[in-house]
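Peer 1: Please find one structure pasted underneath; my questions will follow.
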Amino acid sequence: MATVKLTNVKKIYGKDTVAVQDFNLDIADKEFIVFVGPSGCGKSTTLRMIAGLEDISEGTVEIDGVVVNDLQPRDRNIAMVFQNYALYPHLTVFENMAFSLRLKKVPQDEVYERVTAAAEILGITEYLTRKPRALSGGQRQRVAIGRAMVRDSKVFLMDEPLSNLDAKLRNQMRAEIILLRQKIDTTFIYVTHDQTEAMTLGDRIVIMKDGFIQQVGTPTEVFDMPINLFVAEFIGAPKMNTFKTNLICENGKYYVTPYGAKIEVTGKKGALLAEKGIQGGEILLGVRPEHMTLSTKDDPAAIPCKITVNEMMGSELHLHVVEDNGDQLIVRIPTVTLEDEQRKSLVFGNTIYVTFEGKVMHFFDAETEQNLLV
Amino acid sequence: MMKKNTDNRIRKTGMGAKASRRLGNTVVYVILVLITLVWLFPFFGIVLESFRVESRMQQSYLWPKEFGFDNYIRLFNETDFMQWFKNTAIMGVATAVLQTFFVLSMSYVLSRLRFKGRKGLMNLMLILGMFPGFLTMILIYKVFTDLGLTMDMAPVGLIIVYCASSGMSYYVSKGFFDTIPKSLDEAARVDGATRWQVFYKVIMPLSKPIVIYTILMGFMAPWGDFMLASYLIHENSAGMNVAVGVFEWLSKTMVNSNYTMFCAAGVIVALPVTLVFLMLQKYYVEGVTGGAVKG
Amino acid sequence: MKRLNDLEYLKLNKLQVLLYNLKLFFCATLPQFFKNIGLSILNFFKNCGLWVKNEVVDIVTTFTKGNWAVKLSFLFFGFGNFYYGQILRGILFLVFEIIFVGYMLVPSGGLYWLAKSNFLKTGSTVGTVQGRLQYDALYDTDVWVPGDDSVKVLLYALLTIIFIIAFIYTWRLQIKQCRICMDITAKGKKVRSGKDDMRSLLDDQFHKTLLSLPLFGIMAFTVLPIIYMVLIAFTSYDAAHDGYSNLFSWVGLEHFNELMDFGQGGLGLAFGEILSWTLMWAFFATFSNYFLGMFVAIMINKKGIKIKKFWRTVLVMTIAIPQFVSLLYVAKLFDATGIIGKLLLEWNWLPQSMIEANELSLWQNPVSAKILLIVINIWVGIPYIMLMATGILMNIPQDLYESSRIDGANAFQQYSKITLPYMMFVMGPYLLTSFVSNLNNFNVIYLLTQNNQLINTEIGTAGGVSVCHTDLLITWLYKMTLNSAESKYYLASLVGILVFVVVAALSLIVYNVIPSTRNEEDYG
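Shown next as structure tokens:
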């Protein structure tokens, strides 16, 4: 139960390989923070600096108001779950979980109580006498979490804990972590490269790229109002479609003209554009696949495309289409909205017409790729 | 066209494949048997000759005309062999203990800990290893003579020589430590362990094979060493190890009366070492292969 | 030369690839290698200059910015530490200084030994008082009045120099610590106490604890003797000038001239001859073992071969038996009177020319002796390689073989396209170390040939010992120091330095040229 504060934290390897740049973040007590980004973005390095496993090149890390830069990991009162579990192969599950308590010379009764309590929560009581070797991947992961749980640590760090599990197990564990979080009421910092995990788990998400923080915000914020093109494309699957197009302002109304179609910007977005006093010109337009809809030839807002790939996902259909200029787009259509006839026509080579509404667009500067509305 | 041909051949030789493999295996068995004979011949030879009674000289036939324990009796009654054997055994045990400590410390530090000068240290040891090591014995002999650690006391001096610089042969065990995931150390450190606790609570229990390998190597070194030992002990003295002691018997002047006794001594020396070695063979193999793979 | 891009390279046929790579090696890789060496030497000096500059600046600022205690610690160690509350460190520094000053100044202390040794002063003796015989009335005979012992004088002088360097380093260290303390207190933080220091020796400074003993051992028993040995090359230390009955002296580079002597018994001739056989030996010993050992491993691991463990154990036994037993016995087997030697004679398997020259065993002819050495070394070495190769063979992913079988490879193609490249890659570094250790393979050569010496009459005696055809540099050195009446230690030192140069140069080139040290990730 603690706050964590990072001020101007920087990590430099060797002479000039910068892994983390000017990292500033205030983490509130009992908050669940997720660092997310592609591999090599510096998210794990930041976590390891908080844990004390990496030196901090510049800046300070505070836990509960105390600067911990020069403290050893064991003096920081943190718990950590590793990607490859890092269970001690020579110890039983019980001793693995008791390891930190033994080091602190906690009496046996208490060790027993705390380990069995944690095992109970995680459902691994029957494996307590086994060695890690004899456990499945999911069970090992639970032991790793249990090992972190038995300590009353101030901060709970998790470094891609689910990425070694298969897809089904990962979904299950993700749900369990949400439950777990309600049971152990502490500050969490969670690192992942998977945006779904980030969105479902985090109170706030920190999106990183090349050592820089791109955006910090709640899942809704980063989804609805991505600060730049990178965040927009990173959050959400399949990734957002982008068009290089013109924004025109006529009689106080804004229009975009992707591929010859003309679509009016409506709703909040239109008002915001006006409020910011944006004149128009060449921009990058972003539309999420789920916001694209099928249309007909005579619709002035329709863009004609050829289907290249049809992915049937069950509840929805992912259509990869190619526009006349050769640009690739993805359209996501719920299957319930499709008639059988229409479904049969969505095959390779057929031409379809797609469009989108005026209120779902995202506008990015063509050069800086920053969101024009933020 | 080509493709069809090969297809046909495969079909035709469908039965023949098995036969040809059997033929191949037979050839391999023949070679292996030959190899076995060549490799074991000297050992049978040495055992047989050690029981030869009719002559103390080297003979050009293998099978003794008369079997007996004469050579062994002479070995124990007329020579200091027992003393040499004892010296070597003591050296073996002491070297095994000390050297293991030195080697494991060095390799653990170089594998797991990061500190300023680590690369430099490794380079230094690489370069030192390129000097003909025994030239250091010129000085060491002189100093040890003053300290009284040669001749009768040579075993003590030799233990120091064997162990002192043994940190330089850290490669194999470092290779082993390198294979233990780093995250185990990190997990333990987050769990509240000091580096020292990481060392003896996590790494050591996981390193049984390499510990045994290092002990084995340390134990065997004094049995086979002739070069270094011959610096500290050159005349007949109570401090000899078996190699230096027995070597004399094969010199031109002595070989004719001592050859079969040399064989007996060889058998006595080889027995314990070979037994220990074969018992712990598994760990030796692990050490050798691990070291090769890690470079 | 013109470098091809990837696509152009892929167009070449096998012969062109070979030619291209050869050309690349000689026209680009080698020159680049030497250029790199030159550059790194240049860089080294540049960095040295920079380092010295930084040190001086840092020392001066520490002095000008420091308070009285810091200024005082430029003369008296540890005062800065005392001032900032690091009592333990302060005491250690101060005690070190007191010991140092005491040692240097006492009557037979550091300065005394340094002066006595005439360190590196060409033409002067090491030590000043020559021991001599003097008439003693009591015993009515000449008795030996000992003087200096050059060996000891030189050793003490060397130790003193090391002590002085350590002193300067410590002086700098405690000044640096003053600086660190100044910075820390300026930021308003607390400096580390003695208790913290002790605690950290088991934690973030744990390497110091673990390394202290092994490093001390290496320093005392390898580094110090090697430096001493190098110094010996500049003196006249031998049996006639053993330092005790006769002082030896500094001769400068005089002995290096002897290396240029290519006449009979000349050092240059002997060194050249022995070096060429040493290199040949190392080459054949390494590669014969490597290929045959691998072959044996593949045979034992072949599918369908039973009792694999038995075959392996048979071979491994040879490792277990101490070499002096097995090698001495095997050497005797090939004697003219030995079991095998006799058979060779009886069956007339020795070449006629040898019989005519009255060379009745394989040991008595230079060529056959050398071949025999390599063959016996195969007997010694195959088990090691076999074990290693077995480990690697088991590590080769089986799906490589499966997919190659589907691609239509036969057993031989699998071997040459998968097994061999994989082995080559993994064992590349091992081949190098094994080559180096074969250069210095004392046991095999000495134990096999010592009782069958085959004197090389072209060279005759060099360095005070008769040189054999089969001598490696290392056995030659060994005999020079131990088996020779003249005990020319200075020559041994000189040759030792040369051996180092040869080995270091070879390793450097090979390390930079063989592929597996460069593309470490290829087989990941």
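First to last, the sequence lines map onto chains A, B and C. The first sequence begins at 1 in my numbering and counts up by one. The second sequence begins at 1001 in my numbering and counts up by one. The third sequence begins at 2001 in my numbering and counts up by one. Glycine included, C-beta positions come from ideal geometry on N, C-alpha and C. All figures in this text were calculated on a predicted structure; none of them were measured in a lab.
Examine the ligand MN and report whether any of its heavy atoms sits within less than 8 Å of the Cβ of C/N2443.
Peer 2: Judged by which ligands are present, the structure shown has none, so any question about the ligand MN falls away.
Peer 1: Got a sec: is the Cβ-Cβ distance from B/L1184 to anything in chain A below 9 Å?
Peer 2: Chain A, which has a Cβ nearer than 9 Å to the Cβ of B/L1184, makes this yes.
Peer 1: May I ask which residues mark the beginning and end of the alpha helix (DSSP H) holding A/V336?
Peer 2: Here A/V336 belongs to no alpha helix (DSSP H), and DSSP marks it neither H nor E.
Peer 1: Starting from A/G59, trace the beta strand (DSSP E) both ways and give me its first and last residue.
Peer 2: Unbroken beta strand (DSSP E) run through A/G59: 58 to 63.
Peer 1: Tell whether a beta-carbon distance below 9 Å holds between A/H193 and A/L285.
Peer 2: Cβ distance not < 9 Å, so A/H193 and A/L285 don't count as in contact.
Peer 1: Taking the C-alpha atoms as reference points, what is the distance between A/F188 and A/L157?
Peer 2: C-alpha separation (whole angstroms): 6 Å.
Peer 1: For A/V375, which of helix, strand or coil comes out of DSSP?
Peer 2: Because residue 375 of chain A is not part of the residues shown, which for chain A are 1 to 374, the question remains open.
Peer 1: Cβ of A/N350 within 9 Å of Cβ of A/K306?
Peer 2: Yes, the Cβ-Cβ distance between A/N350 and A/K306 is below 9 Å.
Peer 1: Compare the beta carbon distance of A/L372 and A/I235 with 9 Å and say whether it is the shorter of the two.
Peer 2: No, they are not a contact pair.
Peer 1: For the segment 2465 to 2505 of chain C, list the alpha helix (DSSP H) runs that are entirely contained and at least 4 residues long, ordered along the chain.
Peer 2: Counting only runs of 4 or more, we get 2473 to 2482.
Peer 1: Just to make sure I have the definition right: I need the residues of chain C whose C-beta is within less than 8 Å of the C-beta of B/Q1058. Which are they?
Peer 2: Under the 8 Å cutoff, chain C gives K2332, D2335, T2337, G2338.
Peer 1: Distance cutoff 9 Å, beta carbons only. Does B/Q1099 sit that close to anything in chain A?
Peer 2: So no, B/Q1099 is outside the interface.
Peer 1: Is the CB of B/G1167 under 9 Å away from at least one CB in chain C?
Peer 2: B/G1167 counts as touching chain C.
Peer 1: Please state the DSSP three-state secondary structure of C/P2351.
Peer 2: Correct three-state label for C/P2351: coil.
Peer 1: With DSSP run on the structure shown, which of helix, strand or coil describes A/Q83?
Peer 2: Coil, per DSSP.
Peer 1: Using beta carbons (cut-off 9 Å, strictly below), is B/I1233 in contact with chain C?
Peer 2: B/I1233 does not count as touching chain C.
Peer 1: Establish whether the CB of B/G1192 and some CB of chain A are separated by less than 9 Å.
Peer 2: It does; some Cβ of chain A falls within 9 Å.
Peer 1: Can you list the residues of chain B that A/R74 reaches, using a CB-CB cut of under 8 Å?
Peer 2: Going along chain B in sequence order, the residues near A/R74 (Cβ under 8 Å) are R1189, V1190, D1191, G1192, A1193, T1194.
Peer 1: Below 7 Å on C-beta distance, what does C/N2440 contact in chain B?
Peer 2: Simply P1132.
Peer 1: Cα-Cα, which of C/E2402, C/L2506, C/L2111 is closest to C/N2438?
Peer 2: Nearest option by C-alpha distance: C/L2506.
Peer 1: For the candidate residues B/S1107, B/F1134, B/M1254, whose alpha-carbon lies nearest to that of C/I2497?
Peer 2: The shortest C-alpha separation from C/I2497 is found at B/F1134.
Peer 1: In terms of residue numbering, what span does the alpha helix (DSSP H) encompassing C/K2053 cover?
Peer 2: 2030 to 2065 is the span of the alpha helix (DSSP H), which, as asked, contains C/K2053.
Peer 1: Between the Cα of A/E197 and those of A/E113, A/G37, A/L71, spot the shortest distance and give me the residue it belongs to.
Peer 2: Here the closest residue by C-alpha is A/G37.
Peer 1: How would you list, in chain order, the residues of chain A whose beta-carbon sits under 8 Å from the beta-carbon of B/Q1281?
Peer 2: Those within 8 Å of B/Q1281 in chain A number zero; the least Cβ separation is about 23 Å.
Peer 1: Taking Cβ positions, are A/L273 and A/E369 nearer each other than 9 Å?
Peer 2: Going by C-beta atoms, A/L273 is not nearer than 9 Å to A/E369.
Peer 1: So, with DSSP's three-state summary, where would you put C/F2334?
Peer 2: Note: C/F2334 maps to coil in three-state DSSP.
Peer 1: Restricting to runs no shorter than 4 residues, where is the alpha helix (DSSP H) found entirely within the segment 2366 to 2417 of chain C?
Peer 2: If we require 4 residues or more, the alpha helix (DSSP H) runs fully inside the segment 2366 to 2417 of chain C come out as 2366 to 2395, 2398 to 2406, 2411 to 2414.
Peer 1: For B/L1278 and chain C, any beta-carbon pair shorter than 9 Å?
Peer 2: Yes, contact with chain C.
Peer 1: For A/G326, does the count of other Cβ atoms within 10 angstroms reach 16, so buried, or fall short, so exposed?
Peer 2: It counts as exposed.
Peer 1: Helix, strand or coil for B/A1292? Go by DSSP, reduced to three states.
Peer 2: Bear in mind that a pLDDT of 47 at B/A1292, under 50, signals an unreliable position, so the model cannot answer this.
Peer 1: What in chain B is Cβ-close to C/W2311, meaning under 9 Å?
Peer 2: L1032, I1035, T1036, listed in chain order.
Peer 1: Quick one: Cα of A/Q139 to Cα of C/F2425, how far?
Peer 2: Approximately 38 Å between the Cα atoms of the pair.
Peer 1: Would the segment 38 to 52 of chain A and the segment 61 to 73 of chain A be scored as touching if the rule is three or more Cβ pairs under 8 Å?
Peer 2: Contact between the segment 38 to 52 of chain A and the segment 61 to 73 of chain A is present, because at least three Cβ pairs lie under 8 Å.
Peer 1: So, do the segment 2335 to 2352 of chain C and the segment 2456 to 2465 of chain C have three or more beta carbon pairs nearer to each other than 8 Å?
Peer 2: No: fewer than three Cβ pairs fall under 8 Å.
Peer 1: To the nearest angstrom, how far is the alpha carbon of C/G2109 from that of C/Y2103?
Peer 2: If I take the Cα positions, the gap works out to 5 Å.
Peer 1: Tell me which residues of the segment 91 to 125 of chain A have at least one Cβ-Cβ distance to chain B shorter than 7 Å, keeping chain order.
Peer 2: Cβ contacts with chain B come from F99, S100, L103, K104.
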